[in-house]
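First the structure, in the form of structure tokens, and then the observations on it.
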Amino acid sequence: MTRPLNFGAFYAPFHPVGQDPTLALEYDLERVEALDRFGFDEAWFGEHHSGGFEIISCPEIFIAAAAQRTRTIKLGTGVISLPYHHPWLLADRLVMLDHLTRGRLIIGTGPGALPTDAYILGIDPVNQRRMHEESLEAIMALFTSEEPVTRQTDWFTMREARLQVRPYQWPHPEIAVAAMVSPSGPRLAGRYGASLLSLSLSAAAEGFAAIGNAWGVVEDQAARSGQPAPDRSTWRVLGQMHLAETREQAVEDCTYGLEEFAGYFGGGAGFVPLGDGVDAPLSRRDRVEQYAESGRALIGTPDDAIAYIDSLLEQSGGFGTFLMLGHDWASPERTINSYRLFARHVIPHFKGRLASTQGSHEWAVGKREEIFGRAGQAVVDAIKSHAKETGTDSRTKESA
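Here our numbering is used: the first residue of the sequence shown is 1, the next is one more, and so on.
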């Protein structure tokens with residue numbers, strides 16, 4: 001029996017400049033409530049501090065708020081930029097959050113993606129990946145070591161550090177490492193036995209984080225480091241999509257905000273070439289259609305989404321969770337509708353929830369002549385028996 005896929009959403013989030021940030025954050029919380037209600041497995045929230053679009057600065061605070069408004073959905077930091085924090089303080093905060101969420105926390109980590117954030121903090125981007133690994137190693141030690149942890153680097157010091165409260169989850173929350181283009185994410189996932197969070201926004205992207213290459217790097221590094229063979233069910237893959245009842249409606253929905261999204265990546269974000277291939281002047285609808293035709297995103301129907309995910313599974317060799325990128329391409333109403341369509345049609349397809357009911361129905365139809373004829377005869381026999389016993393006219397009863 002094939003293990004069912006899990007599903008979730010990943011929110012940087014992306015809110016075009018000009019939206020009220022208070023209402024934008026409220027909208028993000030409302031979306032998480034909808035995902036929880038619709039039966040999604042996970043929701044992830046990023047950490048960013050500049051640029052004006054990605055306005056969640058502390059995923060831990062956001063998760064604490066979201067946990068109070070949801071019931072079962074797991075909540076991930078997607079991701080915490082480890083070079084921005086002292087690892088002991090961060091680990092201590094995450095333990096508290098693990099307790100507050102009653103074990104629904106997933107810890108996603110990365111080196112930090114926005115160059116502007118690193119610039120403001122005075123961090124040389126060349127050092128970010130090294131700093132990420134140093135912090136990740138220290139946090140893993142704090143979670144797993146029974147002895148005090150001492151570490152000395154050029155950017156943090158820990159002297160006989162220990163956690164005064166142990167995590168709610170045993171031995172600690174799941175830890176995932178982000179991967180975009182470079183091989184550093186898959187290498188760390190394999191080296192430390194962490195999950196892999198593939199965040200490349202185009203499945204066709206080249207590089208070690210491309211879906212066709214990433215898992216091989218994880219397996220190689222796990223073997224080199226003496227870690228157990230990694231389980232593909234811990235691999236999460238991000239995809240861009242928006243669904244509607246028809247492809248035409250899906251395209252029309254995305255004229256609401258996809259242009260601003262692509263413009264941000266071609267300008268303020270500056271690290272993913274999502275603005276490529278959408279040259280002006282184009283109408284908003286033409287721009288959406290060109291974006292969809294480029295293969296960067298799936299803008300269509302639930303059937304299209306099923307085919308898209310099937311292609312990712314085939315290309316990758318298999319993974320455990322598919323994450324939809326959270327975005328403002330469509331209005332709030334049409335975005336929630338997209339999630340609803342995904343939950344009604346796509347999730348049950350990959351969870352294996354449809355085959356048994358369909359099989360039961362087909363079996364019942366096939367047995368109709370054999371079973372229902374005898375059941376009808378039983379009713380007739382009961383009526384005749386009652387009529388004989390009471391002396392009433394059985395023909396009248398039968399016709400009644």
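Quick reminder that beta carbons are idealized off the backbone N, C-alpha and C, glycines included.
Listed as beta-bridge partners of V149 by DSSP are A161. DSSP, reduced to helix, strand and coil, places H345 within a helical segment of the structure shown.
Listed in chain order, the alpha helix (DSSP H) elements of length 4 or more contained wholly in the segment 222 to 258 are 247 to 254. The way I'd put it, the segment 54 to 62 doesn't touch the segment 118 to 138; fewer than three beta-carbon pairs between them come closer than 8 Å. When DSSP reads this structure, K74 sits in a beta bridge with E42.
Secondary-structure assignment with DSSP links L325 through a beta bridge to F10.
Selection V288, A250, W235 and P230 evaluated against L258 yields V288 as nearest (Cα-Cα). When Cβ pairs closer than 8 Å are counted between the two stretches, the segment 29 to 44 is seen not to touch the segment 382 to 393, the count staying below three. Per DSSP, I120 lies in no beta strand (DSSP E) segment; the continuous alpha helix (DSSP H) that holds it begins and ends at P115 to L121.
Counted as a single uninterrupted DSSP element, the beta strand (DSSP E) harbouring A176 occupies residues I175 to A179. Excluding its 5 nearest sequence neighbours in each direction, A194 has C-beta neighbours in its own chain below 7 Å: I175, A176, V177 and L188, listed in chain order.
Runs of the alpha helix (DSSP H) lying entirely within the segment 279 to 316, each at least 4 residues long, are 284 to 293 and 302 to 316 in chain order.
L82 sits close to L136, with the two beta carbons spaced by under 8 Å. Q19 carries a strand assignment under DSSP once its states are collapsed to helix, strand and coil. Looking at the DSSP output, S81 sits in a beta bridge with G110. The alpha-carbon separation between N6 and G216 amounts to approximately 21 Å.
Judged by DSSP secondary structure, S360 falls within the alpha helix (DSSP H) whose first and last residues are A355 to G366. According to the DSSP assignment, S182 belongs to no beta strand (DSSP E), since it is labelled neither H nor E. Assigned with DSSP and collapsed to three states, L196 falls in strand. Here V165 is exposed, its C-beta having fewer than 16 other C-beta atoms within 10 Å.
Inter-residue distance for A297 and F14 is about 16 Å (C-alpha atoms, whole angstroms).
Following the DSSP letters along the chain, one finds R69 in no alpha helix (DSSP H), marked with neither H nor E. Around the beta carbon of L75, a 10 Å sphere encloses 16 or more other beta carbons of the protein chains shown; the residue is thus reported as buried.
For W88, the uninterrupted alpha helix (DSSP H) segment begins and ends at P87 to L100. Bridge pairing for L105: L75 [DSSP].
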